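Numbering (my numbering), first residue to last: 1 to 336. We put the CB at the ideal spot given by N, CA and C, even for glycine. Source: prediction; values computed, not measured. Notes follow once the structure below has been shown.
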Amino acid sequence: MNANDILSQLILNQITISQALLLTKSYCLQYLSVESNVWIDHEIRGYDNAMQIPAYRLLECDLYIEVFNALGNMTIQRLDTTHISAYLRDGGYESSSPEKMHVTQGLESLEELSKKGSGSLNMYLNEGLKNMILQWYNFPKHTRFGRIYQESDIAYVKNLITKVKLHLIDILQKITPMENSYTSNEDTNQSISNKKKIFISYGWEDEQHNSWVHSLADKLGEYFEVSIDVKQPLGLDVNHFMEIMVSKSDRVLMILTPMYKKKADARENGVGYESVLISDELYRNQSTIKFIPIIRKGTKYISYPKYMGNRLGLDMTDDTKFDTNLQRLVEDIRYN
1 MNANDILSQL ILNQITISQA LLLTKSYCLQ YLSVESNVWI DHEIRGYDNA MQIPAYRLLE
61 CDLYIEVFNA LGNMTIQRLD TTHISAYLRD GGYESSSPEK MHVTQGLESL EELSKKGSGS
121 LNMYLNEGLK NMILQWYNFP KHTRFGRIYQ ESDIAYVKNL ITKVKLHLID ILQKITPMEN
181 SYTSNEDTNQ SISNKKKIFI SYGWEDEQHN SWVHSLADKL GEYFEVSIDV KQPLGLDVNH
241 FMEIMVSKSD RVLMILTPMY KKKADARENG VGYESVLISD ELYRNQSTIK FIPIIRKGTK
301 YISYPKYMGN RLGLDMTDDT KFDTNLQRLV EDIRYN
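In structure tokens:
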């Protein structure tokens, strides 16, 4: 299956948009830009960070509250949101706007909802935001409340889905000529072997740090041939493995932390041995861009090994900027 097949089925509504996203990811990955790949991932899995949500996922909505009287009977009241946004921003909820619903879930669940034809999408607010809103509206002292929720008409959800479809069509239309120019005598094995080889040098620390490094390796593995120590077979001569990786890899990523610097400068453990190999190559070729410093913890001053000097690196300490930094990293490796 190729981009043109997916495009035809999508336009003819023979597959859902969420199915088309998955097929594009499966069959057209090598032609996707980093930006498009990240966008497809988000539309499939959903958005974890509200700051990453594109504008088309901010839906017009109304705000409602459940109010209980002295007998325990509940009524639902619509709240006026005309002047509350500035108040919420002052209270630390910069990205919150009661009249805009931040839709984070993956597209498949939205497609299921849209099949109903009519109705609404409801989203309940968290306790912190709920309490801020209650303070603003200044309800009578002894009033009891249930949940506060946003409600958006299904028509807005359908409009969101349409915008995803149009953007995916645009991506597929750009991929089709690339596939057509791909020569028929280039088989899969050859294309794999032409991938740039990446080695990741890092120090074992806490589980969270190790997991982050392995996640980065998996993401980069979609574009390059990535080697990392934990994925090598038991019984391997580790020193020989490191020698080969530092020597033969196109780029070497160094995941820097204060602990990495300590081990590198003291020539301790695996990081120390890799540092000997890296510093030797830097000494022999001072103009090389082969080694990419990536700051995961700390700053340049407390995480850079001495031999790295003033080389330009990438700060990846802020997880909210992970996708942006990943895109920059992939493009740097691709084109340099």
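query: Determine which residues share a DSSP beta bridge with HIS102 and list them.; result: LEU58
query: Considering Cα atoms alone, identify which of LYS165, ILE295, ASP250 is closest to SER8.; result: LYS165
query: Name the DSSP beta bridge partners of TYR64, please?; result: ARG78, TYR149
query: When the Cα of GLU66 is compared with those of ASP319, LYS130, ASP315, ILE302, which residue comes out closest?; result: LYS130
query: At the level of alpha carbons, what is the spacing between ASP62 and LYS116?; result: 20 Å
query: Spatial neighbours of SER184 within its chain, please: CB distance less than 7 Å, with the 5 preceding and 5 following residues excluded, ordered by chain position.; result: Because the pLDDT of SER184 is 43, which lies under 50, any placement of that residue in the model is unreliable, and the question is left without a value.
query: Compute the distance between the beta-carbons of ILE295 and LEU314, then report whether it is under 9 Å.; result: yes
query: In this structure, does DSSP put LYS163 in helix, strand or coil?; result: helix
query: Classify GLN190 as buried or exposed, calling it buried when 16 or more other Cβ atoms lie within 10 Å of its own Cβ.; result: Any reading at GLN190 is ruled out, since the residue's pLDDT is 47, under 50, leaving its predicted position unreliable.
query: Using the rule of at least 16 other Cβ atoms within 10 Å of the residue's Cβ for burial, across every protein chain shown, is ASP80 buried or exposed?; result: exposed
query: Report all residues from its chain with a CB closer than 6 Å to the CB of GLU274; omit the five preceding and five following residues, and keep chain order.; result: SER201, MET242
query: Using three-state DSSP, classify MET308 as helix, strand or coil.; result: helix
query: Using only the alpha-carbon positions, how far apart do HIS209 and TYR260 sit?; result: 12 Å
query: Could you work out which residue in THR324, LYS100, VAL271 is closest to ASN239 when comparing CA atoms only?; result: VAL271
query: Can you tell me which of SER249, TYR137, TRP212, GLU43 puts its alpha carbon nearest to the alpha carbon of PRO98?; result: TYR137
query: Classify SER249 as helix, strand or coil using the three-state DSSP reduction.; result: coil
query: Quick check on GLN14: buried or exposed, where buried means 16 or more other Cβ atoms within 10 Å of its Cβ?; result: exposed
query: Here's the rule: buried if 16 or more other CB atoms are within 10 angstroms of the residue's CB, otherwise exposed. What is VAL330?; result: buried
query: How many Å lie between LYS196 and CYS28 at the Cα?; result: 18 Å
query: Are the beta-carbon atoms of ARG311 and PRO293 separated by less than 9 Å?; result: yes
query: Please list, in chain order, all residues of the same chain as ASN325 whose beta carbon is under 7 Å from its beta carbon, the five residues on each side excluded.; result: LEU314, MET316
query: Report yes if the CB atom of THR393 is closer than 9 Å to the CB atom of ILE171, and no otherwise.; result: No answer is possible for residue 393: it lies beyond the span of the chain, which begins at 1 and ends at 336.
query: Which residue wins for smallest C-alpha separation from SER36, given the options TYR335, GLY146, HIS102, ILE169?; result: ILE169
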